[in-house]
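First comes the structure, then the notes that go with it.
There are 2 protein chains.
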Amino acid sequence: MQLRPVSGLPEIRPGDDLASLLAERIDPGPDSVLCLASTVLSKAEGRFAALEEFPAGPRAREIAARLEERTGEEKDPRFAQAVLEESTELLMESPFLLTETRFGHICVNAGIDRSNTGGEDLLLLPKHPSESAARLSEALSVPVIVTDTCGRPFRHGQRGVAIGWAGMPASRDWRGEHDRDGRELGVTVENVIDELAAAANLVAGEGDGGVPAVLVEGFEFGGMAGSDEHFREVEDDYVRQALRGWSHE
Amino acid sequence: MQLRPVSGLPEIRPGDDLASLLAERIDPGPDSVLCLASTVLSKAEGRFAALEEFPAGPRAREIAARLEERTGEEKDPRFAQAVLEESTELLMESPFLLTETRFGHICVNAGIDRSNTGGEDLLLLPKHPSESAARLSEALSVPVIVTDTCGRPFRHGQRGVAIGWAGMPASRDWRGEHDRDGRELGVTVENVIDELAAAANLVAGEGDGGVPAVLVEGFEFGGMAGSDEHFREVEDDYVRQALRGWSHE
Numbered sequence: 001m002q003l004r005p006v007s008g009l010p011e012i013r014p015g016d017d018l019a020s021l022l023a024e025r026i027d028p029g030p031d032s033v034l035c036l037a038s039t040v041l042s043k044a045e046g047r048f049a050a051l052e053e054f055p056a057g058p059r060a061r062e063i064a065a066r067l068e069e070r071t072g073e074e075k076d077p078r079f080a081q082a083v084l085e086e087s088t089e090l091l092m093e094s095p096f097l098l099t100e101t102r103f104g105h106i107c108v109n110a111g112i113d114r115s116n117t118g119g120e121d122l123l124l125l126p127k128h129p130s131e132s133a134a135r136l137s138e139a140l141s142v143p144v145i146v147t148d149t150c151g152r153p154f155r156h157g158q159r160g161v162a163i164g165w166a167g168m169p170a171s172r173d174w175r176g177e178h179d180r181d182g183r184e185l186g187v188t189v190e191n192v193i194d195e196l197a198a199a200a201n202l203v204a205g206e207g208d209g210g211v212p213a214v215l216v217e218g219f220e221f222g223g224m225a226g227s228d229e230h231f232r233e234v235e236d237d238y239v240r241q242a243l244r245g246w247s248h249e
Numbered sequence: 250m251q252l253r254p255v256s257g258l259p260e261i262r263p264g265d266d267l268a269s270l271l272a273e274r275i276d277p278g279p280d281s282v283l284c285l286a287s288t289v290l291s292k293a294e295g296r297f298a299a300l301e302e303f304p305a306g307p308r309a310r311e312i313a314a315r316l317e318e319r320t321g322e323e324k325d326p327r328f329a330q331a332v333l334e335e336s337t338e339l340l341m342e343s344p345f346l347l348t349e350t351r352f353g354h355i356c357v358n359a360g361i362d363r364s365n366t367g368g369e370d371l372l373l374l375p376k377h378p379s380e381s382a383a384r385l386s387e388a389l390s391v392p393v394i395v396t397d398t399c400g401r402p403f404r405h406g407q408r409g410v411a412i413g414w415a416g417m418p419a420s421r422d423w424r425g426e427h428d429r430d431g432r433e434l435g436v437t438v439e440n441v442i443d444e445l446a447a448a449a450n451l452v453a454g455e456g457d458g459g460v461p462a463v464l465v466e467g468f469e470f471g472g473m474a475g476s477d478e479h480f481r482e483v484e485d486d487y488v489r490q491a492l493r494g495w496s497h498e
């Protein structure tokens, strides 16, 4: 398996034809997957925003005041308002805002970016990453994964994850497979879109030297194509249930 | 960046000289990293165990009884005992056992494997994965990551993670880097050993066709070598704090 950064993409602006810009720069084969940083999609889709578009309501002011108190840092209640408007559920409000976005992704600050914003205050995540991925996947004839980077419990640092995908299922399914001793495997469902996003992040880099698109070549399902399940439902997510019943002071 | 499965490894048995077996099959360059499935290390280190080695105490019997009640499946209290003995903290005991292993990794059932056990009941995780990685790394002159697969909150399926590493730091550190607009980056610390483990899992596969070692070539720190922090401390882990105060019924 090989990963190549897609070089030479210009700075993306609202309305840019991403599909054409990418088509000129990649030559995908049958086992290729294109991983694309969500920031690039957001920019093409014009998801820039100014803080003044989010006049803070009482809930946002309360959240910002509590965060200020807890962290000792100045917090703009309009930013809290933006996070609330991008989210369907607030899972933690201190010492940072952990929410579920409208498309099911759980992350800090609803994934709203305050760097890489092209001079604007904010860059919001794409509205429907998997729908955007589907349009690109069709135009480019290659599976597309929309990536983001985020932190996680138990383990330090951030890593690449998939927040949208099209043209391939989310997982490989090893159920029914056996080990060398003939026993059924303990590992059953492998989330390959997250693994591909993590792999792509290793070659994408960050900052002004970063490359927002990576072509993976030689990834094979090997007959193990699985389901499209990616974001957990709360019934199936015990950690999320625990967070619902807890507040950190 | 390129990932190649290391083919032709025999079934590993206790006492096998893994370093020699691997040295014959890889030719690492300056930007290579060797990812090795923990099962292989466990086997070489003789971490097989029989259930009868874990006579269940009252805590293990209580846990198994509750799990049986909740899941409707038969649970061997000796297995619960093995999990407890491999762990320093029990974070969840229903509907599955989530614990911290003695070396700081949080996972289900302390990572004890009931498949791929070479005819024995259980295969325990390596005792000190980073120490094992250090011995191999020195012998092979290449950074080594010991991998496992596990599930996680919020997202379906399992993915490869690092449980031990040597010869390289755990992270790339982008602090101080700037975006194209000159603003400081929101993403700061990238956990590259987990990303490499995830990438390796994509080519390693599972089951009797799986390959337990993968050589990554062309991974570069690019001057961004970061800290060795990997497993979070509880003070820094709000999800873990939430789990401590919660029980799922």
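Chains U and X supply the protein sequences, listed in that same order. Position one of the first sequence corresponds to residue 1 (the numbering used here), numbered consecutively onward. Position one of the second sequence corresponds to residue 250 (the numbering used here), numbered consecutively onward. All C-beta atoms in this analysis are idealised placements derived from N, C-alpha and C, irrespective of residue type, glycine included. Since we're looking at a predicted model, the values are computed, not measured.
Contact of residue 368 of chain X with chain U is assigned, a C-beta pair being separated by under 9 Å. Residue 443 of chain X: not part of any beta strand (DSSP E); member of the alpha helix (DSSP H) spanning 441 to 453, first to last residue. Taking CB atoms only, residue 265 of chain X has no neighbour in chain U less than 9 Å away. Bounds of any alpha helix (DSSP H) do not take in residue 398 of chain X; it lies within the beta strand (DSSP E) bounded by 393 to 399. The DSSP-derived three-state label of residue 63 of chain U is helix. Following the DSSP letters along the chain, one finds residue 340 of chain X inside the beta strand (DSSP E) bounded by residues 336 to 341. Look at residue 5 of chain U here: in three-state DSSP terms it is strand. Contact annotation, residue 443 of chain X with residue 198 of chain U: C-beta distance approximately 7 Å; criterion of less than 8 Å satisfied. Using a CB distance cut-off of 9 Å, residue 92 of chain U counts as an interface residue toward chain X. Within the same chain, 453 come within 7 Å of residue 459 of chain X by CB-CB distance, once the 5 residues on both sides are set aside. From the beta-carbon of residue 271 of chain X, no residue of chain U is found nearer than 7 Å; the closest lies around 19 Å away. The bridge partners DSSP lists for residue 158 of chain U are X:439.
Taking a beta-carbon distance threshold of 9 Å, residue 423 of chain X counts as an interface residue toward chain U. Residue 113 of chain U sits in a strand when the DSSP states are folded into three classes. With respect to the C-alpha of residue 85 of chain U, the residue from U:167, U:190, U:57 having the closest C-alpha is U:57. Residue 231 of chain U has X:404 as its beta-bridge partners, per DSSP. Taking each of U:13, U:47, U:150 in turn and checking the Cα distance to residue 106 of chain U, the smallest one comes out for U:150. Short of 8 Å from the beta carbon of residue 102 of chain U, and not among the five residues preceding or following it, lie these beta carbons of its own chain, in chain order: 86, 87, 88, 127. Residue environment: residue 299 of chain X is assigned as exposed (fewer than 16 neighbouring CB atoms within 10 Å of its CB, all protein chains considered). As the crow flies, the alpha-carbon of residue 469 of chain X is around 25 Å from that of residue 29 of chain U. Between the region 357 to 373 of chain X and the region 171 to 190 of chain U there are three or more C-beta pairs closer than 8 Å, enough to call the two in contact. Pairing residue 391 of chain X with residue 312 of chain X gives a Cβ-Cβ distance that is not under 9 Å. Residue 293 of chain X carries a helical assignment under DSSP once its states are collapsed to helix, strand and coil.
Note that the C-beta distance between residue 373 of chain X and residue 476 of chain X is not below 9 Å. Between residue 244 of chain U and residue 91 of chain U, the gap from beta carbon to beta carbon is short of 9 Å.
In the DSSP secondary-structure assignment, residue 427 of chain X is bridged to X:433. Residue 288 of chain X sits buried, since 16 or more C-beta atoms from the chains shown fall within 10 Å of its C-beta. Against chain U, the beta carbon of residue 402 of chain X has neighbours under 7 Å at 153, 237, 239, 240, listed in chain order. Here the C-alpha atom of residue 456 of chain X lies approximately 15 Å from the C-alpha atom of residue 463 of chain X. In the DSSP annotation of this structure, the continuous segment of the beta strand (DSSP E) that includes residue 420 of chain X starts and ends at 420 to 422. Distance from the CA atom of residue 157 of chain U to the CA atom of residue 420 of chain X, rounded to whole angstroms, is 7 Å.
The continuous beta strand (DSSP E) containing residue 463 of chain X extends over residues 462 to 466. Contact of residue 441 of chain X with chain U by beta-carbon distance below 7 Å involves 202. Annotation for residue 100 of chain U: the continuous beta strand (DSSP E) segment containing it runs 98 to 101.
No residue range can be given for residue 374 of chain X, since it is assigned to no beta strand (DSSP E) and is classified by DSSP as neither H nor E. Taking 8 Å as the Cβ-Cβ cut-off, the region 123 to 157 of chain U approaches chain X at 149, 152, 153, 154, 155, 156, 157, given in chain order.
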